[in-house]
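Heads up, the thing below is written out as structure tokens.
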Amino acid sequence: MRLVTGVTVFLTLGIVVDAKTTQLSSMDCAEGEDVKLSCNHSTVSGSDYILWYRQNPNQSPQYIIHGLQNTVTNSMGSLTIASDRKSSTLVLPKLTLRDTAVYYFGFANHCAMTGTPEMPLFKNNCSIYQK
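Quick note, the sequence shown lines up with residues -19 to -1, 1 to 112 if you use mature numbering (1 follows the signal peptide of the UniProt record, and there is no 0).
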């Protein structure tokens, strides 16, 4: 007998004022697969950081990664930002059932960021996430 497990990834848009973004609403993935989460964002400026968070049920959002340009990698995944900054792709390697979550995309102006690269903090309401 073969055990089949799956991971469902729910996606939602991060919204900042007049941001125009498009993203899938959900996707199903097999455990152990790498998954690519893409987002188109035509209004991100050249000085805005692109951010990804995830939220598990009954928990606060958890920071995944952020970047300004090119490709950024950390222990949770990698973020590739298109050279024209109109799209980006988050790659999550080797999914497990624990990766089932709502994934948030957002962006914030770099001058509003404080904290560390591993846990950026934001002043005022630079990033607003809407579920």
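Don't be surprised by glycine CBs; every beta carbon is placed ideally from N, CA and C.
Exposure label - residue i; buried when at least 16 CB within 10 Å
i	result
Gly27	exposed
Gly13	exposed
Asp65	exposed
Leu18	buried
Short Cβ contact (9 Å threshold) for residue i with residue j
i	j	result
Val16	Phe88	no
Ser59	Cys20	no
Met57	Leu73	yes
Asn51	Ile62	yes
Asn37	Arg79	yes
Enclosing beta strand (DSSP E) for residue i [first to last residue]
i	result
Lys17	16 to 22
Gly48	43 to 48
Leu71	68 to 73
Gly87	82 to 90
Thr52	52 to 55
Thr77	Here Thr77 belongs to no beta strand (DSSP E), and DSSP marks it neither H nor E.
Gly58	58 to 62
Gln36	29 to 36
Asp9	7 to 11
Same chain, Cβ closer than 6 Å to residue i, neighbours up to 5 away in sequence not counted
i	result
Lys67	Ser23
Leu49	Tyr30
Contacts around residue i, its chain only, beta-carbon distance under 8 Å, and the 5 residues preceding and following it disregarded
i	result
Gly90	Position check: residue 90 holds Asn in this sequence, whereas Gly was assumed. Ser26, Ser28, Asp29, Tyr30, Cys107.
Pro42	Tyr34, Arg35, Gln36, Tyr85, Tyr110
Nearest-angstrom Cβ-Cβ length linking residue i and residue j, presumed shorter than 8 Å
i	j	result
Ile46	Leu76	About 16 Å separates the two Cβ atoms, so there is no contact after all.
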